[in-house]
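What follows is a single structure, written as structure tokens, with notes after it.
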Amino acid sequence: TPDITNKQVQINTVALNLSPIEIEKRVTFPIETALIGLNGVEDVRSFSRNGFSQVTAIFKESADLYFMRQQVLERLARAKPDLPAGATPQMGPVSTGLGEVSHYSVEYVHPDGKGATPKDGTPGWQADGSFLTEQGDRLADDVSKLAYLRTVQDWIIRPQLRATPGVADVDSLGGYVKEYVVEPDPAKMAAQGISFDELDRTLADANVSVGANYILRSGESYLVRLDGRIRTQDEIARAVVTTRNGVPVTVAQVATVNVGGELRTGAASRNGYETVIGSALMLVGANSRTVARDVGDKLKDVSKTLPEGIMIVPALDRSELGMAT
């Protein structure tokens with residue numbers, strides 16, 4: 002399929018705490034200003050919405066796209082000091098609006114557990130309607146279940162699919178980006194004499210990994226490290242906030258720990274159930290039929306590596322369109 006899109010570079014910036022007006026003034030405008038006058042640029046357009054800015058630079062057809070991306074990167078480095086703290090511009094993939102060659106859905110084999118045979122204590126659906134992951138997290142609500150689908154997409158499927166020749170990137174839509182949500186109980190904290198600052202420091206200190214060089218024994222060196230990174234909600238719950246009369250007070254005694262998801266502005270669904278959609282983006286100049294076919298083959302291989310109870314359902318395959326035309 003011929004790609005008639007002009008040569009362009011997109012710059013995306015996320016600043017979740019800013020309104021559209023603030024995004025326009027403090028993020029979009031400085032980036033637009035930095036790109037104006039760049040050799041080969043014919044036009045610069047943008048849009049700003051709550052917490053998100055996108056600036057698109059249009060280049061001459063004769064321009065070398067990869068060289069232009071390098072020039073844009075240098076201009077962004079100059080603009081960075083003028084942007085709000087935490088706002089980091091990222092260039093979009095080397096693809097175009099016609100680069101979506103494959104869509105697929107990541108979902109449970111048995112949505113809501115319907116038709117599943119519960120096996121309590123083993124990964125999968127449980128008798129109480131929750132879903133037990135291979136990591137030991139029990140997902141009891143819709144948010145945590147959708148967050149798990151998004152985790153599978155972002156950390157298992159996406160990295161493998163990006164290795165497919167001709168794929169520029171893989172986008173994710175829907176679900177929730179996983180978070181561990183700690184909900185303090187003010188009454189319990191007051192009873193233990195614990196402040197919110199103490200709880201905050203405990204959560205930060207409980208999720209660290211540091212090295213301690215090495216020790217020598219019998220002529221051999223042994224590396225020493227302290228790995229305190231949090232992997233499950235139970236590890237957060239067992240973190241010690243303080244001690245009272247020699248007895249440790251844990252997070253679980255003053256707060257509730259759950260699996261949740263960050264704020265989102267969109268969702269995806271299939272057959273009436275919320276799901277997570279993945280989209281493979283083709284590299285500029287690649288053959289859409291070949292790339293779509295390779296992505297389809299790769300998805301079959303990736304399906305074999307998915308956790309128990311999760312599956313991939315193809316939704317769009319551009320190779321079929323290529324063969325038909």
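The C-terminal residue of the sequence shown carries number 326 in our numbering, and the numbering is unbroken.
C-beta atoms are modelled at their ideal positions from N, C-alpha and C, and glycine is treated no differently.
Please read all numbers here as calculations on a predicted model, not as lab measurements.
Assign Glu221 to buried or exposed, taking buried as 16 or more other Cβ atoms, counted over all protein chains shown, within 10 Å of its Cβ. The residue given as residue 221 occupies position 220 in the sequence shown. Exposed.
In whole angstroms, what is the alpha-carbon distance linking Val286 and Val10? Taking the sequence shown and counting its residues from 1, the one referred to as residue 286 is at position 285. Taking the sequence shown and counting its residues from 1, the one referred to as residue 10 is at position 9. Looking at the sequence itself, residue 286 is Gly, so the reference to Val does not match. Looking at the two C-alpha atoms, the distance is approximately 15 Å.
Which of the three DSSP states is assigned to Gln11 in this structure? Translated into positions along the sequence shown, residue 11 becomes position 10. The DSSP-derived three-state label of Gln11 is strand.
Would you say Met92 reaches chain C, if we count a Cβ-Cβ gap shorter than 8 Å as a contact? In summary, chain C is missing from the structure at hand, where a single protein chain is found.
Assuming Ser54 is part of the beta strand (DSSP E), what are its boundary residues? For the purposes of this step, residue 54 is taken as residue 53 along the sequence shown, with counting starting at 1. First-last of the beta strand (DSSP E) with Ser54: Phe53 to Phe60.
Residue environment, Ile24, which counts as buried when at least 16 other CB atoms sit within 10 Å: Residue numbering aside, residue 24 sits at position 23 when the sequence shown is read from its first letter. Ile24 comes out buried.
Report yes or no: do the segment 107-117 and the segment 289-300 share at least 3 C-beta pairs separated by less than 8 Å? No: the two stretches stay apart, fewer than three of their Cβ pairs being nearer than 8 Å.
Look up Gly267 in the DSSP assignment and say whether it is helix, strand or coil. For the purposes of this step, residue 267 is taken as the residue at position 266 of the sequence shown. It is coil, neither helix nor strand.
Simplified DSSP assignment, three categories, for Pro90: For the purposes of this step, residue 90 is taken as the residue at position 89 of the sequence shown. In this structure, Pro90 counts as coil in the three-state DSSP scheme.
So for Glu199, helix, strand or coil by DSSP? The residue you call residue 199 lines up with position 198 of the sequence shown. The answer is helix: DSSP assigns Glu199 an H, G or I state.
Where DSSP assigns a beta bridge to Lys179, which residues make up the other side? Mapped onto the sequence shown, residue 179 falls at position 178. In the DSSP output, where bridge partners are listed per residue, Lys179 has Gly262.
Pro21, enclosing alpha helix (DSSP H) - first and last residue: If you number the sequence shown from 1, residue 21 lands on position 20. Note, Pro21: alpha helix (DSSP H), Pro21 to Ile24.
Among the residues of its own chain, which have a CB less than 6 Å from the CB of Glu263, if the five just before and after it don't count? If you number the sequence shown from 1, residue 263 lands on position 262. So the qualifying residues of the chain are Val178 and Glu180.
Complete beta strand (DSSP E) runs within the segment 59-125 (minimum length 3 residues, chain order): 101-109
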